[in-house]
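In what follows, a single structure is set out as structure tokens and then discussed.
Residue numbers (the working numbering), protein chains in the order written: chain A, 1 to 155; chain B, 1 to 155; chain C, 1 to 155; chain D, 1 to 155.
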């Protein structure tokens, strides 16, 4: 009993839409994150390790782990929304499964359930370095679609 | 039916302990966060707004909101732990209640339930600017105490 | 920096509205839960201990703890909604702080942030018996208001 | 980048261990839930629809949905623990994706990350009736292993 998802995007330009919105996030530039995959309902973001992103034990800070996977979930949701929509995170939960050490980190967000108002996504963060990639965090997130808010750019 | 908490710290130097651990977090320096209050079971962190910390609508990025409140919760937990202990976030959930706009942001973490192994904290983030401070996010977090891990500095 | 909430209900009959909706929940009758307080944005539900509600160690099952506090949060949200609205839980997180043993349990739900679409509530469950009431669980919940859905009774 | 899990149980009698613990849960009997699958790190529980388990719109109550998936996660964690261990839920988050209507409900819990102290599980609930099974809820849960607590039966 598995559910397979093949999502049909409502915005044919979903890819450039996500790229534009990502580029507008100054925080992504600050931490050095890159958008590496955009498919309907699935987005990946990569973050190379940097020592100025760490917590007290020298691992990637849980807040940075959250930043990239929150974004991966948000853009996965946005990829299925109509052209004039904006997406906001309502809430998320993150479990930190292993210390976030590695050369770089890959955050993947997937839409579990798209909706007219509410979209639910799951997210994962893998650390990549020597050996097999390792799952370091998992997210379950709720997002909301906003339409027609004056002064709010889509994205 | 309210529960009042007056916590007795196991480490008389809990204040400098939290300060030292905070200072070791390179990510706090990167984003410009400051430790502004350390009491037994309660910690506050302040983050001035900066345009390089924003998401696509120009508000403070949810990941940055999470970074400071995760830390406030973690250090609130650490303030009640013995001198040789380390603290790690097991998981947290954040509800984003209002757009994070303001001149600065105050994250407050409080211990709800300290434990031998598991500590549960609640966190809040307020935006401060014109008018009344506004609650922009609330967190419920689970932390774990580690002791005697070789190679892991306390904090 | 505390936020005080005095909520003005949009439905003057909010009290009977919550009572009617509660009475329609067959599950409340099955487990023996009672509605004991309804104020704008705050609801309390009481559940006497029964041995057929327990988990393997003889404590109240976490699912039953969740059932009453999910309801307390849902009805707290409903108490602030207009007469024709329905409320549904989008998601919740529960931390189980202490074994749920006691003669009875009090679940309290409070609105943290009411909204046009999304309402965020916090919930607590106390065990009551000998000695002081004890906090056994805490919830952070997201609810959605539905209006004008044919075939869906308000509540 | 997927992580495959083949777990080796520490207790060769994990199956009867889970069955015994399940049978000791009076709440499972009250609501009519049945244990239908026990594998290392994966457990399924089925719950036939009953009108006395419903909320105000006649769907299965979110608390009952949570009860079965919390159990599926807890027993999935227990299936990988040594014979003298007990398992308790530390916390969980549930997203309710669709109204829980159907003839019966299948809750599946899977271990994402087993640990010496903390185990993290994901859970799903499907509604089964006419047509395809439908995902109605998803859980992300943190559990703790207890050993050597006097007066606490394993399970």
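Idealized CB from N, CA, C, for every residue including glycine.
Legend entry - Rounded separation between residue 146/D and residue 84/D - CA only: Position 146 of the fourth chain holds residue 146/D. Position 84 of the fourth chain holds residue 84/D. Taking the straight line joining both Cα atoms gives about 9 Å.
Legend entry - Distance between beta carbons of residue 63/A and residue 26/B, contact taken as under 8 Å: Stepping through the second chain from its first residue, residue 26/B is reached at position 26. Stepping through the first chain from its first residue, residue 63/A is reached at position 63. Contact between residue 26/B and residue 63/A is ruled out by a C-beta separation of about 12 Å, above the 8 Å threshold.
Inset, instruction - Using a Cβ-Cβ cut-off of less than 7 Å, list which residues of the segment 59-80 of chain A approach chain D; keep chain order. - result: none
Inset, instruction - Please list, in chain order, all residues of the same chain as residue 95/C whose beta carbon is under 7 Å from its beta carbon, the five residues on each side excluded. - result: Your numbering for residue 95/C matches position 95 in the third chain. 137, 138, listed in sequence order.
Legend entry - Interface positions of the segment 127-150 of chain D facing chain A (Cβ-Cβ less than 7 Å), listed along the chain: 133, 135, 138, 140, 142
Inset, instruction - Put residue 11/A into one of helix, strand or coil per three-state DSSP. - result: As a position in the first chain, residue 11/A is number 11, starting the count at 1. DSSP places residue 11/A in coil when its eight states are reduced to three.
Legend entry - Exposure label - residue 38/C; buried when at least 16 CB within 10 Å: Start at 1 with the first residue of the third chain, and residue 38/C comes out as number 38. Answer is buried; the Cβ neighbour count reaches 16.
Inset, instruction - Quick one: list the residues of chain D neighbouring residue 11/A, beta-carbon separation under 8 Å, in chain order. - result: The residue given as residue 11/A occupies position 11 in the first chain. Within 8 Å Cβ-Cβ: nothing; residue 11/A doesn't reach chain D, min ~23 Å.
Inset, instruction - Report yes or no: do three or more beta-carbon pairs, one from the segment 35-53 of chain B and one from the segment 101-117 of chain B, lie closer than 8 Å? - result: yes
Legend entry - C-beta contact flag for residue 97/B and residue 78/C at 8 Å: For this step, residue 97/B is matched to residue 97 along the second chain. For this step, residue 78/C is matched to residue 78 along the third chain. Contact flag unset, no.
Legend entry - Cα-Cα separation between residue 135/A and residue 80/A, rounded to whole angstroms: Translated into positions along the first chain, residue 135/A becomes position 135. Translated into positions along the first chain, residue 80/A becomes position 80. Cα-Cα distance, rounded: 26 Å.
Inset, instruction - Identify, in the order they occur along the chain, each residue of the same chain with its Cβ nearer than 6 Å to the Cβ of residue 109/B, setting aside the five sequence neighbours on each side. - result: As a first step, residue 109/B must be located in the second chain, where it is residue number 109. Here the set comprises 43, 72, 73, 76, 121, 123.
Inset, instruction - Check whether the Cβ atoms of residue 35/A and residue 52/B sit closer than 8 Å, and answer yes or no. - result: The sequence position of residue 35/A within the first chain is 35, counting from 1. The sequence position of residue 52/B within the second chain is 52, counting from 1. No, Cβ-Cβ distance for residue 35/A and residue 52/B is not below 8 Å.
Legend entry - Close Cβ partners of residue 55/D (< 6 Å) along its chain, the five nearest in sequence each way excluded: Counted from its first residue, the fourth chain places residue 55/D at position 55. So the list reads 61, once near-sequence residues are dropped.
Inset, instruction - List the residues of chain B that residue 122/A touches, going by C-beta distances under 7 Å, in chain order. - result: Along the first chain, one-based indexing puts residue 122/A at 122. In chain order: nothing, as chain B lies at least about 14 Å away.
Legend entry - In chain order, each beta strand (DSSP E) run of at least 3 residues that lies wholly inside the segment 16-104 of chain C: 34-39, 42-48, 85-96
Legend entry - Burial state of residue 6/D (16 or more Cβ within 10 Å): Reading the fourth chain from its first residue, position 6 is the one you call residue 6/D. Exposed: under 16 other Cβ atoms inside 10 Å.
Inset, instruction - Quick one: measure Cβ to Cβ for residue 125/A and residue 65/A, integer angstroms, because I've assumed they're closer than 8 Å. - result: The residue given as residue 125/A occupies position 125 in the first chain. The residue given as residue 65/A occupies position 65 in the first chain. Correct: roughly 5 Å between the Cβ atoms.
Inset, instruction - Decide if residue 148/B is buried, meaning its Cβ has at least 16 other Cβ atoms within 10 Å, or exposed. - result: Translated into positions along the second chain, residue 148/B becomes position 148. Exposed, by the Cβ-count rule.
Inset, instruction - Have a look at residue 19/D and residue 101/C and give me their C-alpha separation to the nearest angstrom. - result: Numbered from 1 along the fourth chain, position 19 holds the residue referred to as residue 19/D. Numbered from 1 along the third chain, position 101 holds the residue referred to as residue 101/C. Rounded to the nearest angstrom, the two C-alpha atoms are 24 Å apart.
Inset, instruction - Find the nearest neighbour of residue 10/D within the set 40/D, 118/D, 140/D, judged by alpha-carbon distance. - result: Counted from its first residue, the fourth chain places residue 10/D at position 10. Ranking 40/D, 118/D, 140/D by Cα distance to residue 10/D puts 40/D first.
Legend entry - Inter-residue Cα distance where the pair is residue 119/C and residue 143/C: The residue labelled residue 119/C in the question sits at position 119 within the third chain. The residue labelled residue 143/C in the question sits at position 143 within the third chain. So the alpha carbons of these two residues sit roughly 5 Å apart.
Legend entry - Cutoff 8 Å: residue 90/D Cβ touching any chain C Cβ: Indexing the fourth chain from 1 puts residue 90/D at position 90. Yes, residue 90/D lies at the interface with chain C (some Cβ there is under 8 Å from its Cβ).
Inset, instruction - Could you check if residue 82/A is buried or exposed, using at least 16 other CB atoms within 10 Å of its CB as the buried criterion? - result: Residue numbering aside, residue 82/A sits at position 82 when the first chain is read from its first letter. The residue is exposed, with fewer than 16 neighbouring Cβ atoms inside 10 Å.
Legend entry - Any C-beta of chain A under 8 Å from that of residue 35/D: Here residue 35/D refers to the residue found at position 35 of the fourth chain. Judged by the 8 Å Cβ criterion, residue 35/D is not in contact with chain A.
Legend entry - Cβ of residue 110/D within 8 Å of any chain E Cβ: Among the protein chains of the structure shown, namely A, B, C and D, there is no chain E.
Inset, instruction - May I ask you to report which of helix, strand or coil DSSP gives residue 109/C? - result: By one-based count along the third chain, residue 109/C stands at place 109. Strand, per DSSP.
Inset, instruction - Check the Cβ-Cβ distances between residue 97/A and every residue of chain D, and say whether any is below 8 Å. - result: Start at 1 with the first residue of the first chain, and residue 97/A comes out as number 97. It does; some Cβ of chain D falls within 8 Å.
Legend entry - residue 130/B - containing beta strand (DSSP E), residue span: Residue numbering aside, residue 130/B sits at position 130 when the second chain is read from its first letter. It is not in any beta strand (DSSP E) - residue 130/B carries neither H nor E in the DSSP assignment.
Legend entry - Burial state of residue 70/A (16 or more Cβ within 10 Å): Counting from 1 along the first chain, the entry for residue 70/A is found at position 70. That one is buried.
Inset, instruction - Using only alpha-carbon positions, find the residue among 93/B, 117/B, 133/B, 23/B that is nearest to residue 140/A. - result: Residue mapping note: residue 140/A aligns to position 140 of the first chain, counting from 1. Nearest of 93/B, 117/B, 133/B, 23/B to residue 140/A, Cα basis: 93/B.
Legend entry - Contact list for residue 93/A against chain D, beta-carbon separation under 8 Å: Your numbering for residue 93/A matches position 93 in the first chain. Chain D residues near residue 93/A: 93, 140.
Legend entry - Exposed unless 16 or more other CB atoms sit within 10 angstroms - verdict on residue 16/D: Numbered from 1 along the fourth chain, position 16 holds the residue referred to as residue 16/D. Exposed, because fewer than 16 other Cβ atoms sit within 10 Å of the Cβ of residue 16/D.
Legend entry - Closest Cα partner of residue 22/C within the set 8/D, 21/D, 57/D, 22/D: Translated into the one-based positions of the third chain, residue 22/C becomes position 22. Of the candidates 8/D, 21/D, 57/D, 22/D, the one whose C-alpha sits nearest the C-alpha of residue 22/C is 57/D.
Legend entry - Closest residue to residue 127/C among 115/C, 99/C, 114/C (Cα-Cα distance): Indexing the third chain from 1 puts residue 127/C at position 127. Of the candidates 115/C, 99/C, 114/C, the one whose C-alpha sits nearest the C-alpha of residue 127/C is 99/C.
Legend entry - Contact with chain B by residue 84/A, beta-carbon distance below 8 Å: For the purposes of this step, residue 84/A is taken as the residue at position 84 of the first chain. Not one chain B Cβ lies under 8 Å of residue 84/A.
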